[in-house]
Amino acid sequence: MLSLLEMRGTNLNLETVNVCSAACVFCASRKFKRRKQLMSMALFQKICCDYKDMGGGWLGFSPVMSDPLLDDLLFDRIRYVQDKGFGFTLHMFTNAIKFKSYSDDELRFVLKSLDMINISLAGPTPESYKLMYGVNQFNNVMDNCTGSPTSGKMNVTAPVWPYIFV
Ligand code: SF4
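For the sequence shown, this note's numbering begins at 4 and goes up steadily by one.
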């Protein structure tokens, strides 16, 4: 194992966008004033090819201080990785706030395409969520995760279901 780690990394996390829909009290994103940026597809494709040449492995849409669902090119990136047959294990961390605006087809596509989705969720009440995340989105996120009748997500089924951590 040590010799493998000395040879190359086995998990690459990319910050493809640098904005977030939350304002967590524990996150440094509130301190940084970065210009909103989106990683170009050309750069993303080069990184994927280089990573594959290195041996590949896990590829995460898991930025440090932003949410990958705000990446307007997320679907294109996933399709690119699939079409090229890189064989990466795709995963992401997300606050799941934006799932609300996804159509059922879009949600199904993401759930089926990624091997693991970690949903960052504080609770257990709307009030404590607001204190921690700085936005009033607890019920929205819970609806998105549980398939509440009010969310319209209850008819979405997929072989992969998010792993939720608190
Ligand atoms: S959801 Fe994640 S990236 Fe966004 S503010 Fe909270 S800790 Fe930071």
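From the three backbone atoms N, C-alpha and C, an ideal C-beta is built for every residue, glycine too.
For Gln-48 and Ser-131, the gap between their C-alpha atoms comes out near 40 angstroms. Under DSSP, Ile-120 shares a beta bridge with Met-95.
Secondary structure of Val-138 (DSSP, three-state): coil. When beta bridges are read from the DSSP output, Asn-16 appears opposite Gly-63. Relative to the non-hydrogen atoms of ligand 1, the Cβ of Asn-98 comes within a distance shorter than 8 angstroms of at least one. Of all alpha-carbon atoms in Leu-41, Met-135, Phe-112, the one lying nearest the alpha-carbon of Ala-25 is that of Met-135.
Secondary structure note for Gln-85: its alpha helix (DSSP H) is the uninterrupted segment 77 to 87.
Between the alpha carbons of Leu-72 and Asp-107 lies a gap of roughly 15 angstroms. Short of 6 angstroms from the beta carbon of Asn-21, and not among the five residues preceding or following it, lie these beta carbons of its own chain, in chain order: Arg-37, Gln-40, Ser-69. Contact check for Val-144 against Ile-100 passes: the beta carbons are separated by less than 9 angstroms. Taking a C-beta distance under 9 angstroms as the contact criterion, Pro-66 and Glu-109 do not qualify as a contact pair.
For Asp-70, the shortest C-beta to heavy atom distance toward ligand 1 is below 8 angstroms. Taken from the Cβ of Cys-148, every heavy atom of ligand 1 lies 8 angstroms or farther away. In this structure, Asn-147 keeps its C-beta atom at 9 angstroms or more from the C-beta atom of Lys-115. In this structure, the C-beta of Arg-33 approaches ligand 1 to less than 8 angstroms from one of its heavy atoms.
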